[in-house]
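S.K.: Below you'll find the structure I mean.
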Amino acid sequence: MLTMTTILLIRHAVNDYVKTGKLAGRLAGVHLNDEGVAQAEALGRRLADAPLNCIYSSPMERTMETAAAIAKHHPQLNARAREEITEVDYGDWQDKAIGELQRRKMWGVVQEYPSRAVFPNGETMRAVQTRIVNAIEALARRHPEQMIALVFHADLIKMALAHYLGMHLDVFQRIVISPASISTLHLGHSRPFIVGVNDIAHLLQLQTAKHENETAAARST
Numbered sequence: 047m048l049t050m051t052t053i054l055l056i057r058h059a060v061n062d063y064v065k066t067g068k069l070a071g072r073l074a075g076v077h078l079n080d081e082g083v084a085q086a087e088a089l090g091r092r093l094a095d096a097p098l099n100c101i102y103s104s105p106m107e108r109t110m111e112t113a114a115a116i117a118k119h120h121p122q123l124n125a126r127a128r129e130e131i132t133e134v135d136y137g138d139w140q141d142k143a144i145g146e147l148q149r150r151k152m153w154g155v156v157q158e159y160p161s162r163a164v165f166p167n168g169e170t171m172r173a174v175q176t177r178i179v180n181a182i183e184a185l186a187r188r189h190p191e192q193m194i195a196l197v198f199h200a201d202l203i204k205m206a207l208a209h210y211l212g213m214h215l216d217v218f219q220r221i222v223i224s225p226a227s228i229s230t231l232h233l234g235h236s237r238p239f240i241v242g243v244n245d246i247a248h249l250l251q252l253q254t255a256k257h258e259n260e261t262a263a264a265r266s267t
């Protein structure tokens, strides 16, 4: 039987910064909102019985808070911050209005040809993919035959999955990664295996309750 490291690629739960219409990037002070806290708690319950050996997180507040909700069910573990899996360095684009950014020529490059995208005073998309794949490979070597969780960001998860699926970086946006979702990667000595992408089964009850509340509110107005 092949020996594999099981790596859970987990996106952080939702926050209110998206309502500002701006690109958060590495901006400090972006925390989970009430819905995000509920998502993180559901994620923690989902993984309560998982045989986790380590939990790694991007150092951003929203990722550390999501990782902490998982660690709560594994008292022997603490979420460890890792700079290598932090958010994209958007440079001058950070904290800018997305509506404004969409009018720039580089926006189209980011969407259609990300392998050629360079954020002003920030990272290239190719460098980001290399960074995250190198981090995953290093952690797989550190944890042979173990299960580990990485809590980080949507685009980085998409880039990692694209790499291990043999997809070109220019089509990585075809992959959907939802807040608080789990994607599962098996890495051994040879070819990788993707055994799950964008698993949000643990959030379905929350989504149903939210829909019912919204429906009830609409009827009462």
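For the sequence shown, my numbering begins at 47 and goes up steadily by one.
Idealized CB from N, CA, C, for every residue including glycine.
None of these values were measured; they are calculated from a predicted model.
1. Which runs of the alpha helix (DSSP H) spanning at least 4 residues fall entirely within the segment 195 to 222, listed in chain order?
2. Which residue comes first and which comes last in the beta strand (DSSP E) that contains Arg-57?
3. For Ile-240 versus Ile-223, is the C-beta distance shorter than 7 angstroms?
4. Looking at the secondary structure, which residues open and close the beta strand (DSSP E) in which Ala-125 lies?
5. Just the C-alpha distance for Ala-247 and Thr-230, rounded to the nearest angstrom, thanks.
6. Which partner residues does Asp-245 have in the DSSP bridge list?
7. Whole angstroms is fine: what's the gap from Ile-144's alpha carbon to Ala-70's?
8. Measuring alpha carbon to alpha carbon, tell me which residue in Ile-228, Asn-244, Val-64, Thr-109 is nearest Ala-96.
9. DSSP on Lys-256, reduced to helix/strand/coil?
10. Quick check on Leu-233 - is its C-beta less than 7 angstroms from some C-beta in chain D?
M.R.: This is what the structure holds:
1. 200 to 211
2. 51 to 57
3. no
4. Looking at the DSSP string, the run of the beta strand (DSSP E) that includes Ala-125 is 125 to 127.
5. Cα to Cα, Ala-247 sits roughly 14 angstroms from Thr-230.
6. Ile-228
7. 10 angstroms
8. Ile-228
9. helix
10. The structure shown contains no chain D, having only a single protein chain.
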